[in-house]
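Start counting at 1 in the sequence shown, then tack on 3, and there's your number in our numbering. All C-beta atoms in this analysis are idealised placements derived from N, C-alpha and C, irrespective of residue type, glycine included. Treat the numbers as computed from the prediction; the structure is a model and nothing was measured. Some notes on the structure that comes next.
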Amino acid sequence: MNKLAFVFPGQGAQAVGMGKDFCEQYEVAKKLFKEADEALGYSIKDMCFEGPAEDLKLTANTQPAILTMSVIANEILKEHGIQPDVVGGHSLGEYSALVAADVMNFQDAVLLVHKRGQFMQEAVPVGQGGMAAIIGLSDEVIVEACEKATKTAGEVQAVNFNCPGQTVIAGTTAGVEAAVETLKAAGAKKAVILPVSAPFHSTLMKPAAVKLAAELDKVDIRDAKIPVVSNYTGKLEESAADIKANLVAQADHPVKWIDCVKTMQEFGADTFVEAGPGKTLCGFNRRIDKSLTSMNVENIESLQKTLDYFKEVR
């Protein structure tokens, strides 16, 4: 086995019931949920276990919920002696990666992403911005369509370069709708408006980035103990100052996920564990490079499969 990467999911991976079986078997899961509840001043644990789904879907709740689940998965893997050589996360997941790399304390990160969710929602009133997933077209065609729609309908841009053939666009509602129509006409296999409440990672998130910068100034940010790949640069980062600047920029700039995975590969990673809810990043890996070994840890069943794999290769 070559080097091991842990990757952490972003928004959209949440599900009611997540973390429950971990809490039944692992003290670290109980401890981290308790710390998250204390940091937030309300029970994210109850929301994860019991919902309702509508509350869990609110950005200010989704972000700390997924981060908590992801950090729990990371800690459980560590207890079993499985530790990464490099870490990365998609959008919100970058904060989980930074906790794993000891750049910031868990409770600081939980409160930070809760506020990040609030800031992102406040930046654009509900109904005035959106996102859409575009399947089956090149990035060049998508970028060109967004530039055209921005001139005629409203601001829109490509914001998530997830894997070959899947790019997400974001912007004003009118801009996104115009770009979607153009891209359907250009031959997109799918061009689907996403059920999200804000145009994440677009330039419309500038007010959120400004507020986030002020909050980051209050948090202790350290040099990374494990290299962390940045969504903003697509490169490995270890310096506290660079990481902090990149987190601010990440809020209103595109997520270069293809570059992130390729950078981890260049570092020597050929095995990836997605720690946290869902299997989205495993799916992206298959599209980026089929030779990568990818597995996920989101519950006891997937944990056992992953542990069995590592027993075999060691």
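### Query
Taking Cβ positions, are G120 and Q66 nearer each other than 9 Å?
Numbered from its first residue, the sequence shown carries residue 120 at position 117. Numbered from its first residue, the sequence shown carries residue 66 at position 63. Yes. Within cutoff.
### Cut-off 6 Å between Cβ atoms - residues of its own chain near Q169, not counting five sequence neighbours on either side
Working through the sequence shown from its first residue, we reach residue 169 at position 166. So the qualifying residues of the chain are I138.
### Task
Within the same chain, show all residues whose beta-carbon is closer than 8 Å to that of K33, passing over the 5 residues directly before and after it, in chain order.
In the sequence shown, counting from the first residue as 1, residue 33 sits at position 30. Only C26 meet the Cβ criterion.
### Query
Just curious, the beta strand (DSSP E) that G132 is in, first and last residue?
By 1-based counting over the sequence shown, the position of residue 132 is 129. Start and end: 132–138.
### Task
Look at V300 and V276 and say whether their C-beta atoms are less than 9 Å apart.
Along the sequence shown, one-based indexing puts residue 300 at 297. Along the sequence shown, one-based indexing puts residue 276 at 273. Going by C-beta atoms, V300 is nearer than 9 Å to V276.
### Query
In terms of alpha-carbon separation, which member of M21, E38, L35, T62 lies closest to A201?
One-based indexing of the sequence shown puts residue 201 at position 198. Considering only alpha carbons, the answer is T62.
### Task
Could you check the C-alpha separation between V232 and Q253 for me, to the nearest Å?
Position 229 of the sequence shown, counted from the first residue, corresponds to residue 232. Position 250 of the sequence shown, counted from the first residue, corresponds to residue 253. Whole-angstrom Cα-Cα distance: 12 Å.
### Query
Going by alpha carbons, who is nearest to I261 out of L95, E240, D292?
Taking the sequence shown and counting its residues from 1, the one referred to as residue 261 is at position 258. When only C-alpha atoms are compared, the closest one is D292.
### Rounded separation between V146 and D105 - CA only
In the sequence shown, counting from the first residue as 1, residue 146 sits at position 143. In the sequence shown, counting from the first residue as 1, residue 105 sits at position 102. Going from the Cα of V146 to the Cα of D105 covers about 36 Å.
### Query
What beta strand (DSSP E) runs, 3 residues minimum, are completely inside the stretch 230–277?
none
### Message
Quick check: the stretch 175–190 against the stretch 126–140, are at least 3 beta-carbon pairs closer than 8 Å?
### Response
yes
### Query
Are V90 and A39 close, meaning C-beta to C-beta below 9 Å?
If you number the sequence shown from 1, residue 90 lands on position 87. If you number the sequence shown from 1, residue 39 lands on position 36. It is not a contact, given that the beta carbons lie outside the stated cut-off.
### Message
Am I right that A76 and G279 are in contact with their C-beta atoms under 8 Å? What's the rounded C-beta distance?
### Response
Residue numbering aside, residue 76 sits at position 73 when the sequence shown is read from its first letter. Residue numbering aside, residue 279 sits at position 276 when the sequence shown is read from its first letter. Indeed they touch by this definition, with Cβ atoms about 5 Å apart.
#### Entry: Where A148 falls: helix, strand or coil (DSSP)
Mapped onto the sequence shown, residue 148 falls at position 145. DSSP places A148 in helix when its eight states are reduced to three.
### Message
On a Cα-Cα basis, can you pick out the residue from H117, N165, Q28 that is closest to L140?
### Response
Here residue 140 is taken as the residue at index 137 of the sequence shown, counted from 1. The shortest C-alpha separation from L140 is found at N165.
### Query
If you drop the 5 nearest sequence neighbours on each side, which residues of the same chain put their C-beta closer than 6 Å to that of T205?
As a first step, residue 205 is located in the sequence shown; it is residue number 202 there, counting from the start. Contrary to the premise, residue 205 reads as Ser rather than Thr in this sequence. Answer for S205: Q160, V162, A173, G174, listed in chain order.
### Message
Cutting at 7 Å between CB atoms, please list the residues of its own chain near G20, excluding the five before and the five after it.
### Response
Within the sequence shown, residue 20 is the residue found at index 17, counting from 1. Excluding positions up to five away in sequence, the list reads F52.
### Query
How is Q14 classed by DSSP in three states: helix, strand or coil?
Locating residue 14 in the sequence shown gives position 11, where the first residue counts as 1. In this structure, Q14 counts as coil in the three-state DSSP scheme.
### Task
Give me whichever residues DSSP pairs with V89 in a beta bridge.
For the purposes of this step, residue 89 is taken as the residue at position 86 of the sequence shown. According to DSSP, V89 bridges with A8.
#### Entry: Counterpart residues of A323 in DSSP-defined beta bridges
The first residue shown for the chain is 4 and the last is 317, placing residue 323 beyond what the model contains.
### Query
D111 to S99, Cα distance in whole Å?
Start at 1 with the first residue of the sequence shown, and residue 111 comes out as number 108. Start at 1 with the first residue of the sequence shown, and residue 99 comes out as number 96. Approximately 11 Å between the Cα atoms of the pair.
#### Entry: Backbone CA spacing between K81 and E184 [nearest angstrom]
In the sequence shown, the residue the question calls residue 81 occupies position 78. In the sequence shown, the residue the question calls residue 184 occupies position 181. Distance between the alpha carbons of K81 and E184: 47 Å.
### Query
Hey, is the stretch 218–225 in contact with the stretch 149–157, meaning 3+ C-beta pairs nearer than 8 Å?
no
### Task
My understanding is that T266 touches L284, with C-beta atoms under 8 Å, so please give their C-beta distance in whole angstroms.
Against the sequence shown, residue 266 aligns to sequence position 263. Against the sequence shown, residue 284 aligns to sequence position 281. The pair is not a contact, with the Cβ atoms about 14 Å apart (cut-off 8 Å).
### Query
Between the C-alpha atoms of K118 and G92, what's the straight-line distance to the nearest angstrom?
Here the question's residue 118 lines up with position 115 in the sequence shown. Here the question's residue 92 lines up with position 89 in the sequence shown. Answer to the nearest angstrom: the Cα atoms are 18 Å apart.
### Message
Assuming contact is defined by CB atoms lying nearer than 9 Å, are K308 and M298 in contact in what I supplied?
### Response
As a working note, residue 308 is residue 305 in the sequence shown. As a working note, residue 298 is residue 295 in the sequence shown. A contact, by the Cβ cut-off of 9 Å.
### Task
Tell me whether N77 sits in a helix, a strand or coil according to DSSP, three-state version.
What you label residue 77 is simply residue 74 of the sequence shown in a count that begins at 1. DSSP places N77 in helix when its eight states are reduced to three.
### Message
Less than 8 Å between C-beta atoms, sequence neighbours within five positions excluded: which residues of the same chain meet that for I196?
### Response
As a working mapping, residue 196 is identified with position 193 in the sequence shown. Cβ neighbours of I196 beyond the five flanking positions: G133, M134, A135, V179, E180, V183.
### Query
What residue range is occupied by the uninterrupted alpha helix (DSSP H) comprising F2?
No answer is possible for residue 2: it lies beyond the span of the chain, which begins at 4 and ends at 317.
### Unbroken stretches of the alpha helix (DSSP H), 4 residues or longer, contained in the stretch 90–131
96–103, 109–126
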